[in-house]
Ligand SMILES: [Zn+2]
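Residue numbers (the numbering used here): 651 to 779.
Here is the structure:
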């Protein structure tokens, strides 16, 4: 039985005894139990948010050790294609550079996220030749 159920039970018993002071005290206890329950829920949600933030930050920290910059692009060890340096610098997000020219013309590579264009054809990892 939880705190709210217990305090409701106390309130019912107090009503049976028909002591007005006891009913008042039991009612206050019930209201306080409800408030505590609401605060508990808020705190649990906040804890979950913070846990998720910690997970995100850990993942970003791991990535920071794996990426390197070469020219205008960012690369990740063991991956062929380059990432947008703007998205990495500003948001710590790895977004692959893709061909964005009309009909896939070379030399029109860009970031699909922030629409930054990179004016060169080769976007491959220089450490993977
Ligand atoms: Zn970008």
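Beta carbons: idealized from backbone N, C-alpha and C, even for Gly. Please read all numbers here as calculations on a predicted model, not as lab measurements.
Label residue i either buried or exposed according to how many other C-beta atoms from any shown protein chain fall within 10 Å of its C-beta, with 16 as the threshold for buried.
i: residue 769; result: exposed
i: residue 704; result: exposed
i: residue 664; result: buried
i: residue 688; result: exposed
i: residue 747; result: buried
i: residue 732; result: buried
i: residue 683; result: buried
Between the Cα of residue i and the Cα atoms of the options, which residue gives the shortest distance?
i: residue 738; options: 700, 670 and 724; result: 724
i: residue 680; options: 668, 654, 669 and 697; result: 654
i: residue 716; options: 743, 691, 693 and 690; result: 743
i: residue 736; options: 722, 727, 651 and 672; result: 722
i: residue 765; options: 749, 702, 772 and 777; result: 749
Could you pull the DSSP bridge partners for residue i from this structure?
i: residue 759; result: 749 and 768
i: residue 720; result: 723
i: residue 737; result: In DSSP, residue 737 forms no bridge with anything.
i: residue 731; result: 774
Please report whether the beta-carbon of residue i lies at a distance below 8 Å from any beta-carbon of chain D.
i: residue 693; result: Included in the structure is just one protein chain, with no chain D present.
With a cut-off of 8 Å on the beta carbons, I'd call residue i and residue j a contact; round off their distance for me.
i: residue 745; j: residue 763; result: 4 Å
i: residue 767; j: residue 774; result: About 18 Å separates the two Cβ atoms, so there is no contact after all.
i: residue 730; j: residue 778; result: 6 Å
i: residue 776; j: residue 720; result: 5 Å
query = So, do the segment 658-667 and the segment 676-686 have three or more beta carbon pairs nearer to each other than 8 Å?
reply = yes
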